[in-house]
Every structure is written in structure tokens, then in C-alpha cells.
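Protein chains in written order, with full-length UniProt numbering: chain A, 1 to 328; chain B, 1 to 328; chain C, 1 to 328; chain D, 1 to 328. To start, the structure under review is shown below, and the notes come after it.
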């Protein structure tokens, strides 16, 4: 293993854009329930940030005919890291282009994953500077925790569905320099991978799409930092008619505390309590879960992730097959 | 409504005796995992108490051929209350007898519920006095929190299965003076009742036995007082091979935080986090849940109580019907 | 000990009226930060309730020249209990009068404590009925948890300062039938008592006024039910410029989790996390703390309650003595 | 800013050796109360690890005449990073030597900080492999959480006292490549710095020694990952006669939850709840606290860090100056 392999090139997930057929419902969810600040409104899009998100926005909500992820952007650890990653992507597959058209961010390299997701890499990000009345006394906090709903701190990670997990893992390892912290194998087939290059348990996860579709989103996760807040959030969602899919509980994979719900537009959102395992060892060995261990892997407590949605529903939804029950 | 109806006659659940076919496993569960103190050992029985249980014991474990509850005893709020309750029971049904043969307790009135459970009423209870080295600096705490496992504080409540809930509720209301705080109705049929005369959400609950059996135990609950400890307990149970049935989550009924497991002998045990609603209004009106509200009633979070066990399994187990799956 | 002594006659603290010289600040504190609902506005007064308070209001904020408690009212467990308690008060001291002029409550007996506090007893209280949009799916919850600030559930208890604690205790024991659960003695002098007749650790506490003043308020406490929420509240108070006096920590006395702050008008308010010890034994023996045990009594964690405020400041404030430092 | 400046060269704090004049007391503290596993005993030393520490040991307890830190070792992110860091240290100051004599670790570079602390850098670390009965079902967990006391997960960070903070910061920035995330300035003087190169808020902190001594330890911190466990720990320490200095509360600096105690040998130990801020931005700008902001910096809740110990006591203790009160 060479020195380069230990180098952290991807800092974190900087922003995600979601499409929603119900923009009013989706904005009510993120602003009124999850306490995100609106920082800009332009055309069919609204830009939002959690009170600890460092940049101008971490979530862009755009009206569209169908719930789906438009794109997600990872920030590199330096301008040179961006150049290295783009060169690797270009060497690996031809698709990709530089753009520079998003509010609050500079030049950005857009590319397509082997399964067809739109992703981006960028270095240039404008730091958010709070106006006087939103400034927090806690100096590492870019803005005050608002008094609205149960405010999430920040965007945390991305979980993608893929028709084939292995090419995704290979591409993210090779071109982005991500480390595979944990994986699930079902016989010979990779059923899921959890990847990061930071100390987080994952910045990006990829799970097998049981519907066989390509390029779909499983969920976007937002960070509370406190497990109790996922319990509080479940109570809020219950009383304000947001469908809870599963949780609060704790995954064995990543040891993180989770709560899954569907925002009114139909995208699955995870509320993430404490971060679970922090990967401090630079030579952390990939943990591989087999199907006989999967009960502990999916939940340490009593949760059974619902087969009819958790492993089949993603956005954009795909038409159900004739004989199938379930949400999609 | 008369003055007498507001009188609290039953103080709390003082003790439970469980039978187990696996006494070593059951004692390991209660002592090593749940940190209960052993206070006596006699014949086939071991007497245990949590570190905040006020008397000599709250749980007696007795070896026996089948997992079941031998009896449970409620303590009255005064000697006179005991007399009043016994007179009422005697007026209501002939079965019952005074005994005085349990370590740490005085004269006790044993009776049988309409569904056949063995229960007792008593006033005389010997207070536990800790030896010097077990004395806590926290004066309301009868003994130090031990350093073993994840210690429960004390016995909390009892949940009984009954072939017919309504006669149980009638008897407990009339003869014990319990208040029905919440109930579930399935059309015309009472499916469950949660009763207390204290500020607790329930000292005794009764749920319909889906197997139609008589006199069974659903679960005995022990109190942590802190929701996080049910999360910690789930992790402990997972890694020490105790089957988790459901939770941690929070019931809508009673608002209490729950975790259900099976002790190695087969009895279902609930770990109870924070107490949920405390009933401060003396004229609290019974809340009635209908089946269209039952999702929130059973869990505020995403838990689906497992049909194949939660509503059918009790102790003693009954033989499964030919076409049925499930634990019993 | 007679049967009567075990009878619970006082159900709970139903309402408190506070005066404030800064009504806008005080209302911002209770409504915007603590998420209380406003249920009425009349003259110089605003009526508020927490989302689990059972009646029309639990807190009345009235503009006045100086921060102080106007009165506090306890609800009895039955109409007959009210009659018995009033007869006892009348036999004990001549002052007192029936009134019937408060919104949402019926006839009320007003009396004066031996130290001069205005208190009331009542039975008739109008239950709050939420309009459709504020109704909770959790049936024991009288209204939805609001999305504003960090909402408290309900009023919890009252802590009074007294120039002499013992006559207060004697009066509350004799005339109200309260049980003294815990007390602090400083040599021969009672320095504090914590009293209830319910399972709560205290509905009313009385502490010695180090300034020797009569009839002052130490604090009014509001209930979260979850210890984490006192941590969340401390962070909110810090960033929104509310002075934190002490906490979050846990008292040894009552085992309850506390956070003390001053509302903008100057009254001390306690945010109460989990309830601490629940007194299930009807014959609970009073725990007496001596001054050598007081460190554990005041805080289980590292908090030192600040001498210059906690033991001397109350409302109404009294002029400082010439040589003294401190908040008053 | 060059590419190299974003490179993470120091992975984490791998191990600490403490000296204690009371080895029985110190081992009881770490094993019985904090649930650390003993992995080796040799001469006057015992080697311990928390259940999530990845290597053979993270804490070595050695009998000695006075409480102090013998040394602390940081692990680099790669073998090449070790070489680069050693070359930089050697270029910067002449002292330092390669050794290879510690159980479970390979060749190690020992050096002395500008203030005289003994520190080490290493890459080679033997991973801990649990025997069958200690293996956890949670695959990222190197061993089962034990059933003893309130087990910490792992070693977290180091806080050093220094007679002069600035040379320490300069040396750690220049030679170890650490990033200064937060600092406190008292006029022109640096009073404290919190440094890491990972996403943790700090691996090493340095605070001004108010006694002016050189090369002392302020504290070693161990990680729970859950804020509630610091509350649980405070209760345990209180009842088992461990002196609590301050907390549980949350620092504004780093946003981390803290509890400070003194182990029986006299070294200050921090129990660390949730990790506080995770530094995801690679270009995180150092936050500088001035003395007028220090109240929020030291604690978000009501804690006043005790002047007479927190800012003056360190190990080894130094003789008190004639006019001074306090612990040392």
C-alpha cells in the first residue's frame, strides 16, 4: 500500500439538489420541521442550509415532475486534490465537464457514476457569513441554532442505489480515493458499501437496487449529533403526518443512529443522530458483513427494515412489477 | 363520582415471582446483565432486587418446568386500604386466602383474577437496609448502583394477557380501585387496558390473548428512568445473545419508552426507559384508542410490533395451532 | 400512623401567576423559547399553557413593577378533599377567602402561608380542549408539541423561600396533608424541605431565605421529561442571552435533573428534565440531609450552586445589605 | 496555502503512559469503573485498552513516585508520513531518538516538545484481535463492550499544560502538520490551542500553565460517544468516591461534552461524551476566543471551571506558592 492511498482527497459532501413534485410540502418539511435556513430563492429553486453547514447552501430544492436527486457534489481537500481527482476520472471514463453556474460555489467538475448518477467535484466554496443577529456565541458554529422545529446541524452523507454495486465501489476507490469501510456481500454479490476518506463512517454509501433500476437515490442524510434528537424527530414526524419508514434505532454497519422518513415530495431522508464509529485508524480494514450477520448489520435494536420499501423504493420511483406489493 | 373514587388504594407493584426452566440463564440475565442484587437463596428460589427497589426483594426466580408467572403482589397505600380491598374482593368472588410465608413480607391476601392469574395484596413489607459498603450517598436510593451490567433501578409494572379483557378491567376497577388510564377497543371488544391508581401511567395492564388462553403473562417491566439506557441495553442484549423482540421505541399509549426481550427461560421482559406520561389530574379521562389509531398507539417511532410474537406469545406458552407460525 | 395520613389530598400544582416588569421579554421567554401556547390575553395579563398542561392555563404573566409570584394554586384530588383542606386551614389560621374570578377555574380558596406567600386551593378546573389543528395523535397529550423553541411539557413544581422553614413544613403537612420526602438540616435549623402527596419527588419545596426576607419565590419549575432537553435548553439560553445560573446537572435531593435561569423579568425558572425519584412507597421515610452531605445533595455532578445568587436571590428582590455582594 | 498543508499526517493519539503513586487505586479506576480490558502485566506496568481501541493497548499504568504522564504517542497516517514528520522534527530541533521497545508497537520516534513533554510518533501498531468470547457482532468494534462499570470506548485526546503555549503551537503546526482549530488569547498571550489534523475537534490541546511550570499534563480524555454516559459516570464517581472537578457540561470551544475527575493516583482524566464539532471543511479557519467570550468558551451550560484547580493543577503537581490556595 502506497503513501498515496492514505491521502484524504475528498473532504465531505458539500451539497445536494433534490427535485420534488410538491415544493411547498418539501420546503415546509425542511424549513418548518427541520429548521433549515433559506438563503436564496431563484426560479424554481430554493437554497437551504443547516445552522452548522459551512457554505451558502447544502440543499437545493427544485420543483420538478418527479422526486429524484438532481446531483450531489463532494468537496475535495485542496485545489490540487480536485485536479488529481478530475485527471483520474477523465482517464477512467470520458464523460464529464467543468461548469461554474451554481450560487455560492466556483468551478465544478460534473461527472456520471458507472450507474448513471450525476455527481460533481469542487474545491471553490463560498463560506457562509452570518449577519449580526444570526451569529452564534459558539465560534465553531456558523450561525445560531434557530427556534423553529427540530433543527438539523448540517448535511451528512449520501446513499445511492445502484443496479450493480461493484463498479460503483471500484470507481469511487480508484478515482475519488475513497476507502471502503464496510460492505455487505450476498454470496458473490456486493449488496452494499460504505465509503469515506475522512474519519466519518461514510460520506457515500451504495446499495444494490432490488428493482434493478439505474442511477437512483436511496437517501440523503442530515446530522443531529445527538441520538435523542432522532427520538424527538420521530415524535414530531408522527404528529405532523410525515411517514416514518424505520427507526429511531442504530445500525450495526457504521454504528450510527438512524431515522428514515419520506419528505412530502417522496425522497427518502435520513435523520442521523450521533455519528457512530469514527474511523481513526488510517489502515482500517474493510469489514465485510455476510447475510447471516445482516440482522445485527441493519439494526442493533429490534428494527426490521421493511422489505417492501427499504430495499426497493428509491427516487425516482420506478413502476412496480405486476406481481409486486409495496411503495414503489 | 364519589370521593372514594379518587382515593389511591394501591401503591405499586411490590414483587413478582417467575418460574424458569433455565434458572442459570435466567439468573445470569437478571444479575449479570441487569445488575440486580441477590438478597437470598432458598430451595429452588433466588430473591433479587434492583438498586432502588425499597424492599428485600422485587423478583423471585424459581426453577420450574415451564416459564410462567407464579404470582405478582401489589402493595396497598395503608393497612386499612388492604382491609378495604380484601373485603371488596371477598364480596366479589369467593376465592382467596391469607398467607404469610414469603421472606421479607408479612401477611398477604392471595386471590385469583377473573382470567385465572394468581395475584396478591399486602401491606407489610420489610424495608431493605443496605450494609455500609452498599449504602449510597444519594439518600433516596436504598443502595448503590452496582458496577455490573446495565443495572435496572426497580420493578415497574405488570402486563397480563387475558382471554377476556373486560372482566379483568371491571374487577381491577371495582375491587382494587384502579383507574383505567387508557384502553384499546377493537370494534365492540376491549383489546387492552392500562390501569393505575398512582401517577404512573400503569401499574397493571391487560391485553387480549390472541391465542385465547387464560391467565398468562405478557411481560414484567423493569425501570431505568432514562431512555438512553434502553438503547444501551439493546446493544448489550444484541452482543450477549438475548433475543430482542421490539424496541427501543416509544409507545403512544402511555408515552413510555420500551424495549422487549425474552429472558433465557422464555418470559418476556420489558426494559422501561423514562416513565412517559405521569397522570397528575385526579379526574384524568380514560383515553380510548380505536384500531385506526393503533399505529401511533403501539409506537411513535417506526416500530411494528411483530404480529407473530407480540400479540400471541405469552408465558406459559401454549401449543401452536396447526396452521400458525410463530414463537409459541 | 392513621389511614388518613396515607390519603393523597393534593393532586398537583395547577397554576402560577408571575409579575414581571418586562412583559415583552418575559412573554418572549415563555412563548418563543419555551414554546408555551397563549390561550388568552386580558388587561395586563397573558395566560399560557405547555402542550401537556391539562387546563386552560398554568402560567399567568402580569405586568407589574417588580418580579414576583402573585400566587400559586394547588388542585386537590376531589371536591371533598378541597373541603377537608379548607376546614383544616381555617381551623389552623383565620386568614383565607373563597374567590371565583380566574379564567378557566372555578371557586378557589385563597390563603396565606405562615411566611406570607399567597397560595390557593381549588378543585374546579376547566379541561383544555384543543381545536382540530392542535390535536395530537398521542391521546394522553392535550395538544400537539409546537414547532417553536424547545417546548416544555407542563408546569411542574414550586420552590418557595421562607424566613423560617419549619412553620411552613408544619402547615403544609397538617393542613394540606403533604408528605415531607426530603429535608436539609443545618444543625438545629431546617434549611429546606421537599414535599408532595403524589408520587412526584415534590410539588412544593421550601428553602431558607438567606436574606431573612418573608414570602419570596425561589423558582417555578417546568417539565421536559427528558434530561437531554435541559442540555438543549442551556445551549439555547446561552445563544439567546438568557442568564444561566446553574446546571444542567442532577440534584442528589430528589435525584432530579435541573437547569436554573432567570427569565427577562427577573424570576428564577427551573427547567426540569427527567423527574428523578418517583415515590412509590406510601410509607416513604423522610430522608434528612446534614450539611456534611450537602455537596451530593445539591449536585451529583460537579455543579457548585453559586452562593452569591442561589441561596440569596429570590423574587421580589430585596435591597442588598451594605457589605454584601451578589445579584440582589 | 499549499497542497501539503491540507495533508493529514497525524492519524490519532494511539497511546499514553501514566505514572501513579497508587497503582491499585488507579487500576481499580480504569478497570472496575471505566471498564478497560487488561491486556498485559509486566514489571511495574499494566497495559489497558478500551473496547473500541484498535491496538494492543492505549493506556499503560506504571507505578511511580508521582502522578504524571510518562509519554504519549501519536500514530501517523502512513509510514512515509512518519518519515516526513521525523525529518521535520530533526530539522527543527536536535533532540529525539528511534526506539522499539514497547509491547504491541514497532519502531517509534521519541522527541521532546518545546515545553519538555515526552512525546512519540509511530506507524507500526499491532492490531488487537479479540479471542472468540470477546468478539463483538458489531464488526467495526474490536471487542465486546464489557459488563463492568461504565466502559469507555477508547482513548480520545491529550491536553498539555505549557509554560508558553505559542512555541508548542508552532512546533505542532510546523513539524507534525497539525491544524489549529481553536485558540484562546488573553491580550497578546495565547492561553490555549486545540489542534488536530483529522476531523476531530482536537487530538492535542495545549493550555497555559498558570503555575508557570514546564512539561506538565492537564488531562487525558477517554471517549464515550454518548453525552448521557458522562451523566451516568458522574453518578458513579460520586457514589464511588472519585472527586469530580467539573461537569458534565459542554465546552463552547470544540462543542464537546466533558466531565473532569481525578483518578486515585492524582492525574486528571476527562470523560468525553459526544465529540462536539467535527471539522469537515479542509480550510476551516481557526476560531480565536478572546477573554470577553471565555464564559461561553469554557462552558455552554452553567459550569464555572474551578479557578483553584482547573487552571493551576496539573501532573506532576508542583509545590504551592506561599500565598496560594488550591489543590496542588
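Ideal Cβ placement from N, Cα and C applies to all residues, glycine included. Quick caveat, the model's predicted, so the values are computed rather than measured.
*7 Å Cβ cut-off: residues of chain B touching residue 245 of chain A*: Against the first chain, residue 245 of chain A aligns to sequence position 245. Going along chain B in sequence order, the residues near residue 245 of chain A (Cβ under 7 Å) are 302.
*asked:* Within 10 Å of its beta-carbon, does residue 127 of chain C have 16 or more other beta-carbons around it, so buried, or fewer, so exposed?
replied: Counting from one through the third chain, the residue named residue 127 of chain C turns up at place 127. By the 10 Å Cβ count, residue 127 of chain C comes out exposed.
_Tell me the rounded alpha-carbon separation between residue 198 of chain D and residue 186 of chain B._
The residue given as residue 198 of chain D occupies position 198 in the fourth chain. The residue given as residue 186 of chain B occupies position 186 in the second chain. Going by the C-alpha atoms only, they are around 57 Å apart.
_Using CA atoms only, rank isn't needed, just tell me which of B:270, B:283 and B:251 is closest to residue 304 of chain B._
To locate residue 304 of chain B, count along the second chain from 1; it is residue 304. Out of B:270, B:283 and B:251, B:251 has the C-alpha closest to the C-alpha of residue 304 of chain B.
*With residue 82 of chain B as the anchor, note down where its alpha helix (DSSP H) starts and where it stops.*
Residue mapping note: residue 82 of chain B aligns to position 82 of the second chain, counting from 1. From DSSP, the alpha helix (DSSP H) with residue 82 of chain B extends over 79-92.
*asked:* My parser needs the alpha helix (DSSP H) runs of 4 or more residues fully inside the UniProt domain "VOC" (12-124) of chain D; what are they?
replied: The UniProt domain "VOC" (12-124) of chain D contains these whole alpha helix (DSSP H) runs: 23-27 and 79-92.
*Between the segment 113-121 of chain B and the segment 65-83 of chain B, are three or more C-beta pairs nearer than 8 Å?*
yes
*asked:* I'd like the list of long-range same chain contacts for residue 139 of chain A, defined as Cβ closer than 6 Å, with 5 residues on each side in sequence excluded.
replied: As a position in the first chain, residue 139 of chain A is number 139, starting the count at 1. Cβ within range, chain order: n/a, list empty.
_Does the CB of residue 248 of chain B have a neighbour CB from chain A at under 8 Å?_
Position 248 of the second chain, counted from the first residue, corresponds to residue 248 of chain B. Output row for residue 248 of chain B: interface = yes.
*asked:* Just to make sure I have the definition right: I need the residues of chain A whose C-beta is within less than 7 Å of the C-beta of residue 330 of chain B. Which are they?
replied: The structure shown does not extend to residue 330 of chain B, since chain B spans only 1 to 328, so no value can be given for it.
*Under 8 Å from the C-beta of residue 236 of chain B: neighbouring residues of chain D*: Counted from its first residue, the second chain places residue 236 of chain B at position 236. Neighbours of residue 236 of chain B on chain D, chain order: 145 and 147.
*asked:* What does the alpha-carbon distance come out to for the pair residue 263 of chain D and residue 60 of chain D?
replied: Residue 263 of chain D sits at position 263 when you count from the first residue of the fourth chain. Residue 60 of chain D sits at position 60 when you count from the first residue of the fourth chain. C-alpha separation (whole angstroms): 14 Å.
*Determine the direct distance from the alpha carbon of residue 209 of chain B to that of residue 314 of chain B, and round the result to whole angstroms.*
Along the second chain, one-based indexing puts residue 314 of chain B at 314. Along the second chain, one-based indexing puts residue 209 of chain B at 209. Rounded to whole angstroms, residue 314 of chain B to residue 209 of chain B spans 8 Å at the Cα level.
*What did DSSP end up calling residue 304 of chain D once you bin it into helix, strand or coil?*
Residue mapping note: residue 304 of chain D aligns to position 304 of the fourth chain, counting from 1. In the structure shown, residue 304 of chain D sits in coil (DSSP, three-state: anything other than H, G, I, E or B).
_Residues that residue 258 of chain D bridges to, as DSSP identifies them_ = The residue given as residue 258 of chain D occupies position 258 in the fourth chain. Its beta-bridge partners are D:249 and D:272.
*Check whether the Cβ atoms of residue 172 of chain D and residue 195 of chain D sit closer than 8 Å, and answer yes or no.*
Reading the fourth chain from its first residue, position 172 is the one you call residue 172 of chain D. Reading the fourth chain from its first residue, position 195 is the one you call residue 195 of chain D. Their beta carbons are under 8 Å apart, which means residue 172 of chain D touches residue 195 of chain D by this criterion.
*Looking at C-alpha atoms only, which residue of C:297, C:261, C:269 and C:296 is the closest neighbour of residue 300 of chain D?*
Residue numbering aside, residue 300 of chain D sits at position 300 when the fourth chain is read from its first letter. The residue with the shortest Cα to Cα distance from residue 300 of chain D is C:261.
*Using only alpha-carbon positions, find the residue among C:134, C:36, C:204 and C:188 that is nearest to residue 291 of chain C.*
Taking the third chain and counting its residues from 1, one reaches residue 291 of chain C at position 291. That would be C:188, whose Cα lies nearest to the Cα of residue 291 of chain C.
_Spatially closest choice to residue 245 of chain A from A:218, A:255, A:123 and A:91, by CA coordinates_ = Within the first chain, numbered from 1, the residue matching residue 245 of chain A stands at position 245. The residue with the shortest Cα to Cα distance from residue 245 of chain A is A:218.
*Does DSSP classify residue 170 of chain D as helix, strand or coil?*
The sequence position of residue 170 of chain D within the fourth chain is 170, counting from 1. Looking at residue 170 of chain D - three-state DSSP - the assignment turns out to be helix.
_Classify residue 131 of chain C: buried if its beta carbon has 16 or more other beta carbons within 10 angstroms, exposed otherwise._
Walking along the third chain from the start, residue 131 of chain C turns up at place 131. Per the 10 Å Cβ criterion, exposed.
*Minimum Cβ-Cβ distance from residue 12 of chain B to chain C less than 8 Å*: Translated into the one-based positions of the second chain, residue 12 of chain B becomes position 12. Yes, residue 12 of chain B counts as interfacial toward chain C.
*Taking Cβ positions only, does residue 259 of chain A come closer than 8 Å to chain C?*
The residue given as residue 259 of chain A occupies position 259 in the first chain. Not one chain C Cβ lies under 8 Å of residue 259 of chain A.
*Let me know the secondary structure DSSP gives residue 6 of chain B once reduced to three states.*
Working through the second chain from its first residue, we reach residue 6 of chain B at position 6. Residue state, collapsed to three classes: helix.
*Residues of chain B with a CB under 9 Å from the CB of residue 33 of chain D: which are they?*
For this step, residue 33 of chain D is matched to residue 33 along the fourth chain. Below the 9 Å Cβ cutoff, chain B contributes 147 as neighbours of residue 33 of chain D, in chain order.
*Taking three-plus beta-carbon pairs below 8 Å as touching, is the segment 160-167 of chain B in contact with the segment 214-233 of chain B?*
yes
*Is the segment 79-87 of chain B touching the segment 45-59 of chain B in the sense that three or more CB pairs, one from each, lie closer than 8 Å?*
no
*asked:* Can you look up residue 284 of chain C in the DSSP assignment and give me helix, strand or coil?
replied: Position 284 of the third chain, counted from the start, is the residue given in the question as residue 284 of chain C. If DSSP states are grouped into helix, strand and coil, residue 284 of chain C belongs with coil.
_Coarse secondary structure for residue 325 of chain C, derived from DSSP in three states_ = For this step, residue 325 of chain C is matched to residue 325 along the third chain. Low local confidence applies: a pLDDT of 49 at residue 325 of chain C is under 50, so the model's placement there is unreliable, with the coordinate-based value given in what follows. The answer is coil: DSSP assigns residue 325 of chain C none of H, G, I, E or B.
*asked:* Within 10 Å of its beta-carbon, does residue 228 of chain D have 16 or more other beta-carbons around it, so buried, or fewer, so exposed?
replied: Taking the fourth chain and counting its residues from 1, the one referred to as residue 228 of chain D is at position 228. Per the 10 Å Cβ criterion, buried.
*In terms of residues, what are the limits of the beta strand (DSSP E) holding residue 202 of chain B?*
As a first step, residue 202 of chain B is located in the second chain; it is residue number 202 there, counting from the start. That residue, residue 202 of chain B, is in no beta strand (DSSP E); it is neither H nor E in DSSP.
*residue 182 of chain B lies in the beta strand (DSSP E); which residues open and close that run?*
Looking up residue 182 of chain B in the second chain gives position 182. Residue 182 of chain B -> beta strand (DSSP E) spans 179-186.
*Reducing DSSP to helix, strand and coil, say where residue 318 of chain C ends up.*
Counting from one through the third chain, the residue named residue 318 of chain C turns up at place 318. It is coil, neither helix nor strand.
*Skipping 5 residues on each side, what residues in its chain have a beta carbon closer than 6 Å to that of residue 39 of chain D?*
Looking up residue 39 of chain D in the fourth chain gives position 39. Result list for residue 39 of chain D: 47, 49, 56 and 57, in chain order.
*Whole-angstrom distance between residue 108 of chain C and residue 101 of chain C, CA atom to CA atom*: On the third chain, position 101 is the one that residue 101 of chain C refers to. On the third chain, position 108 is the one that residue 108 of chain C refers to. Counting only the Cα atoms, residue 108 of chain C lies some 8 Å from residue 101 of chain C.
_Along the chain, where does the alpha helix (DSSP H) containing residue 235 of chain A start, and where does it finish?_
Taking the first residue of the first chain as position 1, residue 235 of chain A is located at position 235. Counting along the chain, the alpha helix (DSSP H) containing residue 235 of chain A begins and ends at 227-239.
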